[in-house]
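Residues 3 to 488, numbered by my numbering, are exactly what the sequence shown covers, in order. Just below is one structure, and these are the notes that go with it.
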Amino acid sequence: REMQEDQQNLDLNTTARMAQRDIESASSYLLSNSYVIVGIDMAHPIGTYERVQREKKRQEEEQKKKEAEEAAKAEREEGGSKPRTPAKGTRDKMGSAKGKREKKPGSRGASRQAVMKTEVPDKKETEEEPEKEAETEDFEGIYERAVYVFPYNMTELMRKIMNAIIHVNCKGLGYEAGDARALRTVKLSQKQRQNPDLDIIGGFQIIDDKMRMVVLEGLSDKGMRELAELVPREDRNNENIKILKNPEVRFKERMYLDFNADTKKVRLREPIEQILKRSDIYLRTKVSEEVFDTLHKIGEIKRAERLKFLRNFRLFPLAERLEMIERKYGESLTYEDIFAEPKPKKARKGKSEVDATSTIPDKAMEEIRRKQEFSETRTSRYSVRSKAPTENMNPEYDEMKRLPKIETNFIDKNRSKIKEIQPDKPKKKEYEIPDDAEIYCYSGQRLNFTEFQKKKLQEKLRFDKKHLYSFGKEYLSLAFDLVNLD
């Protein structure tokens, strides 16, 4: 902040402000649930100091515990060598002065007391152990996530990812290998959702006309390891292909079990960059805060370069908010969006309609072939014609097409026909137009040619008082005005 010294216009009757701070006004963009990422050079990585302090505290506690055990052991040995004396002023219940039931050195009661003193843990230690476990649990996890960003037309990579997911999920759920249709229809039970060892891969896909973004999650030591083997990284990340996968970046729980054993596919009507540039996403009356936040998270996932960055800033969107994005900005999926291959054209009779590279399972392909064979046998049974074939040949028309084309002037042809129909029709008399007169051919103007003729006719017929001139002989309403009323 800049300090402005205001040494002018000082009035003793008012508050003198020698150092007036400027008012900082925040941008409206920063008020719309946005955040700023600041890079800081640290002396040591974040979390190292806490781990060192925890380790130091643990060593101190172990040292104290060891010293307590040694003190208890020394006390136990000392109690075995010296006889116990009763407390001063105490008397035995039977009236003896020295307590007849005095415990012998090293007796069972003395050893039990010493053992109880050493074995019973301190209450403070038992309360600190769960806290220590909870602290270490934050750095542990059994789940892993991976992000794939690549062009839409790179269908080979998409099919590899799909086949790997089908392989892992069929094995994890106990289905027949390659049964993709069963995986799309399966619904996980509550017991399966609560099972942390369920070896399936889930996630979601964001699709538009230019790119595909696939986010997957699963067990790090099982399914995600197989995924890395089946879909290996062929080259380093570049502008076209980006794979964010790190087995060391773990997560404690799954986020996309609501999508069951299949990946949720969301096709956007526009690329995510175009949606984020629209101004209406900042209006809460049109776009809710949840949708706004999810859109920015998807944009950050597409721009990210490290998986740890996505985890630390919690940029993975929730499952229910992805469904909100689909309802707000999504459209229907195409065949290529689902199967990562163009839709096969319908084959002619006798040819298979199923592509060999399709992801349809073997049982479904056998059922399709059986139906095709049945339809072919039905058409062969009723192949006898019951009526004459359709005539689709016209020799006369073909002959006319072969003749040379003759251009005809239809205007002259129509004029000649009119003369044949009305041979004695007199020609309309037209008035000669002076050379200096301005005449226009537009009918709506005052100086057009028709109005010019009317004016000349009015001047000629104005002094004829014996006749009535009309456009129609039977109707007086069609009388010709001899005076220009305008």
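All residues carry an ideal CB built from backbone N, CA and C; glycine is no exception.
For the alpha helix (DSSP H) that contains Tyr284, what are its first and last residues?
For the purposes of this step, residue 284 is taken as residue 282 along the sequence shown, with counting starting at 1. Taken as a continuous stretch (DSSP letters only), Tyr284 belongs to no alpha helix (DSSP H), as it is neither H nor E.
From the DSSP secondary-structure annotation, give me the bridge partner or partners of Ile413.
Residue numbering aside, residue 413 sits at position 411 when the sequence shown is read from its first letter. Answer is none; Ile413 lacks a bridge partner.
List the residues that DSSP assigns as beta-bridge partners of Gln207.
Against the sequence shown, residue 207 aligns to sequence position 205. Here Gln207 is bridged, per DSSP, to Val216 and Lys267.
Return yes when the Cβ of Leu218 is within less than 8 Å of the Cβ of Arg269, no when it is not.
Counting from one through the sequence shown, the residue named residue 269 turns up at place 267. Counting from one through the sequence shown, the residue named residue 218 turns up at place 216. No; because the gap between Cβ atoms is not below 8 Å, this pair is not in contact.
Using three-state DSSP, classify Tyr471 as helix, strand or coil.
In the sequence shown, residue 471 corresponds to position 469, counting from 1. Three-state result, Tyr471: coil.
Taking just the CA atoms, how far does Asp264 sit from Phe152?
For the purposes of this step, residue 152 is identified with residue 150 of the sequence shown, where counting begins at 1. For the purposes of this step, residue 264 is identified with residue 262 of the sequence shown, where counting begins at 1. Cα to Cα, Phe152 sits roughly 20 Å from Asp264.
Label Ser222 either buried or exposed according to how many other C-beta atoms from any shown protein chain fall within 10 Å of its C-beta, with 16 as the threshold for buried.
For this step, residue 222 is matched to residue 220 along the sequence shown. Its Cβ being crowded by 16 or more others within 10 Å, Ser222 is buried.
With DSSP run on the structure shown, which of helix, strand or coil describes Pro153?
The count along the sequence shown starts at 1 and reaches residue 153 at position 151. Residue state, collapsed to three classes: strand.
May I ask you to list the residues that DSSP assigns as paired with Lys247?
Position 245 of the sequence shown, counted from the first residue, corresponds to residue 247. Note: Lys247 sits in a beta bridge opposite Ala148.
Can you give me the C-alpha to C-alpha distance between Glu272 and Met213, rounded to a whole angstrom?
Residue numbering aside, residue 272 sits at position 270 when the sequence shown is read from its first letter. Residue numbering aside, residue 213 sits at position 211 when the sequence shown is read from its first letter. Straight-line Cα distance between these residues: approximately 11 Å.
Taking the C-alpha atoms as reference points, what is the distance between Pro319 and Ala148?
Start at 1 with the first residue of the sequence shown, and residue 319 comes out as number 317. Start at 1 with the first residue of the sequence shown, and residue 148 comes out as number 146. Cα-Cα distance, rounded: 14 Å.
Report the three-state DSSP secondary structure of Leu190 (helix, strand or coil).
If you number the sequence shown from 1, residue 190 lands on position 188. Correct three-state label for Leu190: coil.
So what does DSSP say about Lys330, is it helix, strand or coil?
For this step, residue 330 is matched to residue 328 along the sequence shown. Note: Lys330 maps to helix in three-state DSSP.
Hey, could you find the ends of the alpha helix (DSSP H) Lys304 is sitting in?
Counted from its first residue, the sequence shown places residue 304 at position 302. Where Lys304 is concerned, the enclosing alpha helix (DSSP H) stretches over Glu291 to Arg305.
Among the residues of its own chain, which have a CB less than 7 Å from the CB of Lys244, if the five just before and after it don't count?
As a first step, residue 244 must be located in the sequence shown, where it is residue number 242. Excluding positions up to five away in sequence, the list reads Val151.
Thinking just about the alpha-carbon of each residue, which of Asn239, Asn248 and Asn240 is nearest to the one in Leu229?
If you number the sequence shown from 1, residue 229 lands on position 227. Relative to the Cα of Leu229, the nearest Cα in the group Asn239, Asn248 and Asn240 belongs to Asn248.
What first and last residue would you give for the alpha helix (DSSP H) that runs through Lys457?
In the sequence shown, residue 457 corresponds to position 455, counting from 1. Phe451 to Leu463 is the span of the alpha helix (DSSP H), which, as asked, contains Lys457.
Would you grab the beta carbon distance between Phe294 and Ile283 for me? Rounded to a whole angstrom, and I think it's under 8 Å.
Counted from its first residue, the sequence shown places residue 294 at position 292. Counted from its first residue, the sequence shown places residue 283 at position 281. Contact flag correct, Cβ pair sits at about 6 Å.
What do you reckon, are the CB atoms on Gln207 and Lys304 nearer than 8 Å?
The sequence position of residue 207 within the sequence shown is 205, counting from 1. The sequence position of residue 304 within the sequence shown is 302, counting from 1. In this structure, Lys304 does not lie closer than 8 Å to Gln207 by Cβ.
Below 8 Å, how does it come out for the segment 197-205 and the segment 165-176: are there three or more Cβ pairs, yes or no?
At 8 Å Cβ cutoff, the stretches touch.
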